[in-house]
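Colleague: Chains H and U, in that order, give the protein sequences. Residues in the first sequence are numbered consecutively from 87, following my numbering. Residues in the second sequence are numbered consecutively from 87, following my numbering.
2 protein chains.
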Amino acid sequence: MGKGNKVYFKRVAVLGVGLIGASTALAMREQKLYGEIIGFGRKEENLARAKERGIIDDYRKSAAAAVEGADLVILATPVGILAGFAGEIGPALMKGSIVTDVGSVKGALVSELESLMPEEVHFIGSHPIAGSDKSGIDDARGNLFTGARCIVTPTARSDRQALEKVVSMWEATGAVVECMDAFRHDEIFALVSHMPHMVAYALVNAVEAVDPGCVTYSGGGFRDTTRIAASSPELWRDIALMNRDNLLRVLAAFRASMSEIERCLEENDGDGIEKEFSRAQKLRMSIDK
Amino acid sequence: MGKGNKVYFKRVAVLGVGLIGASTALAMREQKLYGEIIGFGRKEENLARAKERGIIDDYRKSAAAAVEGADLVILATPVGILAGFAGEIGPALMKGSIVTDVGSVKGALVSELESLMPEEVHFIGSHPIAGSDKSGIDDARGNLFTGARCIVTPTARSDRQALEKVVSMWEATGAVVECMDAFRHDEIFALVSHMPHMVAYALVNAVEAVDPGCVTYSGGGFRDTTRIAASSPELWRDIALMNRDNLLRVLAAFRASMSEIERCLEENDGDGIEKEFSRAQKLRMSIDK
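1) Going by other Cβ atoms of all chains shown within 10 Å of its Cβ, with 16 needed for buried, is Lys92 of chain H buried or exposed?
2) According to DSSP, is Pro214 of chain H part of a helix, a strand, or is it coil?
3) Can you find a C-beta in chain H that's less than 7 Å from the C-beta of Lys89 of chain U?
4) Output the distance between the C-alpha atoms of Asp355 of chain U and Ala258 of chain U, rounded to the nearest integer angstrom.
5) Apart from the five residues on each side of it in sequence, which residues of its chain come closer than 8 Å, Cβ to Cβ, to Glu138 of chain U?
6) Taking the straight line between their C-alpha atoms, what separation do you get for Arg370 of chain H and Ala315 of chain U?
7) Quick one: does Asp272 of chain H have its CB under 7 Å from some CB of chain A?
8) Return the CA-CA distance between Val196 of chain H and Met344 of chain H, expressed in angstroms with no decimal places.
9) Nearest to Gly305 of chain H by CA position, among U:Ser183, U:Val336, U:Cys236, is which residue?
10) Tell me whether Met87 of chain H sits in a helix, a strand or coil according to DSSP, three-state version.
11) Pull up the DSSP beta-bridge partners for Arg97 of chain H, would you.
12) Quick one: grab the DSSP three-state call for Asp310 of chain H.
13) According to the neighbour-count rule (16 or more other Cβ atoms, all chains shown, within 10 Å of its Cβ), is Gly88 of chain U buried or exposed?
14) So Cys350 of chain U is in the alpha helix (DSSP H); what residue range does that whole segment cover?
15) Going residue by residue through the stretch 234 to 314 of chain U, where are the continuous alpha helix (DSSP H) segments of at least 4 residues, counting only ones entirely within it?
16) Determine the DSSP secondary structure at Thr186 of chain H, reduced to helix, strand or coil.
17) Distance check for Ala149 of chain U and Gly233 of chain H, CA to CA, integer angstroms please.
18) Count the other CB atoms within 10 Å of the CB of Arg97 of chain U; is the residue buried (16 or more) or exposed (fewer)?
19) Provide the residue span of the beta strand (DSSP E) that contains Val159 of chain U, from first to last.
20) Measuring straight from C-alpha to C-alpha, what distance separates Leu179 of chain U and Leu202 of chain U?
21) Roughly how many angstroms separate the alpha carbons of Asp267 of chain H and Met284 of chain U, rounded to a whole number?
22) For the alpha helix (DSSP H) containing Met180 of chain U, name the first residue and the last one.
23) Please say whether Phe308 of chain H and Ala261 of chain H have beta carbons closer to each other than 7 Å?
24) Determine the closest residue to Pro214 of chain H out of H:Leu334, H:Ala288, H:Ile160, H:Ile167, with distance taken between C-alpha atoms.
25) For chain H, check one thing: does any of its Cβ atoms lie closer than 7 Å to the Cβ of Ile347 of chain U?
26) Using a C-beta cutoff of 7 Å, does Trp256 of chain U count as contacting chain H?
27) Assign Pro204 of chain U to one of two classes, buried (16 or more other C-beta atoms within 10 Å of its C-beta) or exposed (fewer than that).
28) Compile a chain-ordered list of the residues in the stretch 209 to 232 of chain H whose CB is closer than 9 Å to at least one CB of chain U.
29) Return the residue from the list U:Cys350, U:Ala194, U:Thr302, U:Asp297 that minimises the CA-CA distance to Ala339 of chain H.
30) Can you give the beta carbon distance from Ile223 of chain U to Arg135 of chain U, rounded, assuming they're within the 8 Å contact cut?
31) Could you tell me if Lys192 of chain H is buried or exposed, where buried requires 16 or more neighbouring beta carbons within 10 angstroms of its beta carbon?
32) Going by C-alpha to C-alpha distance, which of H:Thr239, H:Thr312, H:Thr241, H:Asp374 sits closest to Lys368 of chain U?
33) By the 9 Å beta-carbon criterion, what residues does the stretch 301 to 315 of chain H contribute toward chain U?
34) By the three-class DSSP mapping on this structure, what secondary structure does Asp143 of chain H have?
35) So is Glu130 of chain H buried or exposed if we call it buried at 16+ other beta carbons inside 10 Å?
36) Just to confirm the assignment, what range does the alpha helix (DSSP H) spanning Asp357 of chain U have?
What follows is the structure, given as structure tokens:
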């Protein structure tokens, strides 16, 4: 296997049919990467809609039943319940099958999921970078991963063939795959994803505390800056707690940046303010180049 | 005059031909609100391009020359140099003419500009809510204000006819006009605009302090949250300083919101975190309804 090679699964099970699970299913269908796809999730109504929309071929009433006979299992539930799910499906997993996930936290979770796999079942952690404030199947689309980065986090214990298949699968969906240590992943995403979520929630809460009616005056700036504060509180509670140490460390750095701006304001230090803003502008502009 | 009535100026002068100045000029041209429009700005190259693109009919080498014979003067320079400009053009302003601005700070600035006007020249403060991280004429468009709010800040001294003309002018560009006390304006925009800018700059600076290379891993969340950190440092330095007291007050509220999230994280308080996130989600979702 590898870049450009075709990967194929006889039967895929997708556990959790939300934005990412459903989009993965759609992308795999468009690329003809499987013979059949079975879903499972907490809400039967959602599963029925996914079947109706052709996102999954069928669904089962339990996670264990859904993974039966599957040579690829995609765990796409919120990260807080991933380990519970993995334990539940363990006995039902087929020998030789591959299990991957789409969680925004890796680190210790990858080791835990790996250790929960029965013998001859291979876990490979993944994180396609395509989340948004949306979380339902109505926003799912087969090209969600086109050009998006997907981090894959092999460990020393990872099966080489399983790793190559998971990499090929994501590449086939259009993602740009990068392999990375699971703990390094969490350091990076604490900074560029988890911290911005905390800040966006806090920004809205500050408006709520001072004068909530003012939101009717918000323009594009406030809307952009706080868009991800519409994200699922349950999902982000779990991500925040599971990446707590990294997150607290980067939030301390953020607090220092805020304090410097506040100090300049208090001291009417125009040069200092402009210096802070210019430094940020330079780095921010480099992203869109 | 008033809603629905046509307003017309023989000659308009627009001082500062950036995103807002140029878009105002274009919108007024599309609505045939003037006979002629003359520009002035710091960079002749920019003025030549504005003339070439049909944004202005012609330009002058000084602000005083540009306002000669104008019955409407639009001050569209960064707020930090507005008062200087107003003083400079004072002697050249025509009796009976109207001067308005487009600045993001009102409050004391409105009183100052008002007091700088010669006799029989009427100043009316405006703030069309249509800024972005862009600030040049290349992003200017005649429909920038369609559906956007425009705050107009009359004072006890405001000339009634001049006020009605300025309101009609903004309504003709497609804006939804609201009249408001200038100091109330600054309280509101400290919260929904100026604070988010401080936070966006600080977020990028935190990434810069911890690990700047990580920005290549940023997804839509980081991009949205920090988009306005690409805004002009000079412009935002002045806005921040001119609305310093309100800004420091709302930044204290933001600090309290951040501290509560950090406290929950430190204490592994999942319920507390979810409560904070849910509160923010609810208010944020109400904006897009």
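Where is the CB? At the ideal position from N, CA and C, for every residue including glycine.
Modeller: The answer reads as follows:
1) In the first sequence, residue 92 of chain H corresponds to position 6, counting from 1. Answer is exposed; the Cβ neighbour count stays below 16.
2) One-based indexing of the first sequence puts residue 214 of chain H at position 128. The three-state reading of DSSP puts Pro214 of chain H in strand, counting E and B together.
3) Position 3 of the second sequence, counting from 1, holds the residue named residue 89 of chain U. Note that Lys89 of chain U has pLDDT 47, beneath the 50 cutoff, so the model's placement of it is unreliable and no number is given.
4) Counting from one through the second sequence, the residue named residue 355 of chain U turns up at place 269. Counting from one through the second sequence, the residue named residue 258 of chain U turns up at place 172. Going by C-alpha positions, Asp355 of chain U is about 53 Å away from Ala258 of chain U.
5) The sequence position of residue 138 of chain U within the second sequence is 52, counting from 1. So no residue of the chain qualifies.
6) As a working note, residue 370 of chain H is residue 284 in the first sequence. As a working note, residue 315 of chain U is residue 229 in the second sequence. Distance between the alpha carbons of Arg370 of chain H and Ala315 of chain U is about 6 Å.
7) Any reference to chain A falls outside this structure, whose protein chains are H and U.
8) The residue labelled residue 196 of chain H in the question sits at position 110 within the first sequence. The residue labelled residue 344 of chain H in the question sits at position 258 within the first sequence. Using only the alpha carbons, I get a separation of about 34 Å.
9) For the purposes of this step, residue 305 of chain H is identified with residue 219 of the first sequence, where counting begins at 1. With distances taken between Cα atoms, Gly305 of chain H lies closest to U:Cys236.
10) Reading the first sequence from its first residue, position 1 is the one you call residue 87 of chain H. Its pLDDT being 41, under 50, Met87 of chain H is placed unreliably by the model, and nothing is read from it.
11) Position 11 of the first sequence, counted from the start, is the residue given in the question as residue 97 of chain H. Note: Arg97 of chain H sits in a beta bridge opposite H:Glu122.
12) Here residue 310 of chain H refers to the residue found at position 224 when the first sequence is read from its first residue. The answer is helix: DSSP assigns Asp310 of chain H an H, G or I state.
13) Walking along the second sequence from the start, residue 88 of chain U turns up at place 2. Low local confidence applies: a pLDDT of 42 at Gly88 of chain U is under 50, so the model's placement there is unreliable, with the coordinate-based value given in what follows. Exposed, because fewer than 16 other Cβ atoms sit within 10 Å of the Cβ of Gly88 of chain U.
14) By 1-based counting over the second sequence, the position of residue 350 of chain U is 264. Looking at the DSSP string, the run of the alpha helix (DSSP H) that includes Cys350 of chain U is 330 to 352.
15) 246 to 258, 268 to 275, 281 to 296, 306 to 312
16) For the purposes of this step, residue 186 of chain H is identified with residue 100 of the first sequence, where counting begins at 1. Of the three classes helix, strand and coil, the one that applies to Thr186 of chain H here is strand, per DSSP.
17) Residue 233 of chain H sits at position 147 when you count from the first residue of the first sequence. Residue 149 of chain U sits at position 63 when you count from the first residue of the second sequence. Each residue's Cα considered, the two are about 49 Å apart.
18) Within the second sequence, residue 97 of chain U is the residue found at index 11, counting from 1. Label assigned to Arg97 of chain U: buried.
19) Mapped onto the second sequence, residue 159 of chain U falls at position 73. From DSSP, the beta strand (DSSP E) with Val159 of chain U extends over 158 to 161.
20) Numbered from 1 along the second sequence, position 93 holds the residue referred to as residue 179 of chain U. Numbered from 1 along the second sequence, position 116 holds the residue referred to as residue 202 of chain U. Each residue's Cα considered, the two are about 11 Å apart.
21) Taking the first sequence and counting its residues from 1, the one referred to as residue 267 of chain H is at position 181. Taking the second sequence and counting its residues from 1, the one referred to as residue 284 of chain U is at position 198. Distance between Asp267 of chain H and Met284 of chain U, taken at the CA atoms: about 34 Å.
22) Walking along the second sequence from the start, residue 180 of chain U turns up at place 94. No alpha helix (DSSP H) contains Met180 of chain U, which DSSP labels as neither H nor E.
23) As a working mapping, residue 261 of chain H is identified with position 175 in the first sequence. As a working mapping, residue 308 of chain H is identified with position 222 in the first sequence. No; because the gap between Cβ atoms is not below 7 Å, this pair is not in contact.
24) By one-based count along the first sequence, residue 214 of chain H stands at place 128. Per the Cα distances, H:Ile160.
25) Locating residue 347 of chain U in the second sequence gives position 261, where the first residue counts as 1. At least one beta carbon of chain H lies nearer than 7 Å to the beta carbon of Ile347 of chain U.
26) By 1-based counting over the second sequence, the position of residue 256 of chain U is 170. Chain H contact via Cβ: absent.
27) As a working note, residue 204 of chain U is residue 118 in the second sequence. Exposed: under 16 other Cβ atoms inside 10 Å.
28) Ile215, Ala216, Gly217, Ser218, Asp219
29) Within the first sequence, numbered from 1, the residue matching residue 339 of chain H stands at position 253. If we check each option's Cα against that of Ala339 of chain H, U:Asp297 comes out closest.
30) Counting from 1 along the second sequence, the entry for residue 223 of chain U is found at position 137. Counting from 1 along the second sequence, the entry for residue 135 of chain U is found at position 49. The pair is a contact, with the Cβ atoms about 6 Å apart (cut-off 8 Å).
31) By one-based count along the first sequence, residue 192 of chain H stands at place 106. Lys192 of chain H should be labelled buried.
32) Locating residue 368 of chain U in the second sequence gives position 282, where the first residue counts as 1. Measuring from the Cα of Lys368 of chain U, the nearest candidate turns out to be H:Thr312.
33) From the stretch 301 to 315 of chain H, only Val301, Thr302, Tyr303, Ser304, Gly305, Gly306, Gly307, Phe308, Arg309, Asp310, Thr311, Thr312, Arg313, Ile314, Ala315 have a Cβ closer than 9 Å to chain U.
34) If you number the first sequence from 1, residue 143 of chain H lands on position 57. Three-state result, Asp143 of chain H: coil.
35) Numbered from 1 along the first sequence, position 44 holds the residue referred to as residue 130 of chain H. Per the 10 Å Cβ criterion, exposed.
36) Taking the first residue of the second sequence as position 1, residue 357 of chain U is located at position 271. Under the DSSP assignment, Asp357 of chain U falls in the alpha helix (DSSP H) whose first and last residues are 356 to 373.
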